[in-house]
Amino acid sequence: MSPHVPSSDSIRTVALVGGTHGDELTGVALVRAFQQHPERMQRPGLDVTALIANEAAIAACRRGVDGDLNRSFAAAELADASLHSVEQRRAKAINAQLGPKGPDTATDLILDFHSAASDMGLNCNITGEDPFLFRLAALAIHRLAAEPDPLAVRCYQFPAPTGDAPYLPTIARHGMGVEVGPVMPGSLNAAIYFPTLCLAHTLLDLVAEYAAGRWPDAPLPLDVYTEIDTIPFPRDADGRLTAMVHPERTRRVYQPLQPGDPLFLDFHGRTIPYTGAPGLYPTFVNEPSYLAKDIALCLARHSQRMV
Ligand SMILES: [Zn+2]
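Using full-length UniProt numbering, you'd call the opening residue of the sequence shown number 1 and step up by one each time.
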């Protein structure tokens, strides 16, 4: 048992979730494949279930029908019987099945499978601080990097939300997102699907090893990319877009951004350079679902920690 993770923190019940966003089909295909062959997700000592989160959104091939399911799990919203949108009803049903959110939850770990159109590669997404999840991510990253056919996986950290977090994985004791790309919304990319499946199997293997007390003791180095900022699109006084993400940047996700680097290209062909702090890593670059949030790209700070 790792000295960095409390030994009392046993993990028995695991839920694999796909289709939290209905147009992110990688997780949908992966969960349906596990549902067809449940023996493939079972591991000794674990009780593993697979859940499609939002069938209505999948049928509509949209992120959500009335809203964003992954913003519908705040405790106050789950407790509010007057809320009846498609996503609010699904959140309550999922909370009844896998939760309830809080100390009495039935689920020790949720792995929630998402995809991005941006060329993000494979990511273990962790919100805030969770020593178990960082250790799990580090072990998965090191194991997959050492395979004969190695897979690169990154650890992406979202800042801890202030107050009542609305994300689906928060109904379990531990919740990790798996974010993979590039996969266009409403489509599948076989070159991403199978590495995602491989990562899912590796995470399940590692959780079973943890449950059996077989994690190594030695701390591991882990590169963490922490999202610290977002950059909006350039707009005119009427709020209309005046520029697109520069094509040189669209191709350079996770490559450090320096002042003066081309960032946007306006509709007359003029380049707008980046003027912010040096050495930050662009992520979710030109992500279609982020346009509505007026996010052209996110910026992450790289650090390394021992976990
Ligand atoms: Zn998503």
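Note that CB positions come from ideal geometry on N, CA and C, so glycine has one too.
In chain order, what residues of the same chain lie with their CB nearer than 7 angstroms to the CB of residue i, ignoring the 5 residues before and after it?
i    : result
P3   : In this prediction, P3 scores a pLDDT of 47, lower than 50, which makes its location untrustworthy; the coordinate-derived value is nonetheless stated afterwards. So the list reads D217, once near-sequence residues are dropped.
R235 : L241 and T242
R301 : T226, I228 and L280
I126 : L133, F134, A137, C155, Q157 and M176
A50  : L16, V31, F34, Q35 and M41
L78  : A91, K92, N95 and K101
D164 : A74, A75 and A76
D23  : C61, R62, R63, P185 and G186
T275 : P259
A292 : none
Whose C-beta lies closer than 8 angstroms to the C-beta of residue i among residues of the same chain, with five residues either side of it excluded?
i    : result
E129 : A160
D47  : R12, T13 and V14
G102 : A75
G45  : R12, A208, A211 and A212
M306 : P219, L220, P221 and L222
T283 : S118, M120, Y156, Y225, E227, V253, Y254, L297, C298, L299 and A300
D66  : S85, V86, E87 and Q88
D108 : S10, I11, R12, T13, V14, A172, R173 and H174
P166 : N70, R71, S72, F73, A74 and E77
L197 : L30 and A33
P247 : L265
Check whether the Cβ of residue i sits closer than 7 angstroms to any heavy atom of ligand 1, and report yes or no.
i           : result
H21         : yes
E24         : yes
residue 308 : In the structure as shown, the chain starts at 1 and stops at 307, and residue 308 therefore has no counterpart that could be examined.
H114        : yes
Grab me the residues of residue i's own chain with a C-beta within less than 6 angstroms of its C-beta, minus the 5 sequence neighbours each way, in chain order.
i    : result
G64  : A57 and E87
S303 : V224
F113 : G18, G27, L30 and V178
E55  : none
I295 : T230
L139 : L206
N123 : R154, Y156 and E179
S289 : R63
L168 : T20, N70, F73 and D112
Assess contact between the stretch 177-185 and the stretch 112-123, defined as three or more Cβ pairs (one per stretch) separated by less than 8 angstroms. Is contact present?
The answer is yes - the stretch 112-123 touches the stretch 177-185, with three or more Cβ pairs under 8 angstroms.
Which whole runs of the beta strand (DSSP E) in the stretch 163-244 are 3 residues long or more, in chain order?
Counting whole runs of 3 or more residues, the stretch 163-244 contains the beta strand (DSSP E) stretches 174-181 and 221-231.
Is the number of C-beta pairs between the stretch 196-207 and the stretch 137-146 that are closer than 8 angstroms three or more?
Three or more Cβ pairs closer than 8 angstroms define a contact, and the stretch 196-207 meets that threshold against the stretch 137-146.
Whole alpha helix (DSSP H) elements within the stretch 36-97, 4-residue minimum:
Listed in chain order, the complete alpha helix (DSSP H) runs (minimum 4 residues) inside the stretch 36-97 are 55-60 and 75-78.
With a floor of 3 residues, list each beta strand (DSSP E) that falls wholly inside the stretch 97-133, ordered by position along the chain.
Every beta strand (DSSP E) of 3 residues or more that sits fully in the stretch 97-133 is shown, in chain order, as 109-115 and 121-127.
Between the stretch 89-96 and the stretch 253-263, do three or more beta carbon pairs fall short of 8 angstroms?
By the Cβ test, the stretch 89-96 is not in contact with the stretch 253-263, since fewer than three Cβ pairs between them sit closer than 8 angstroms.
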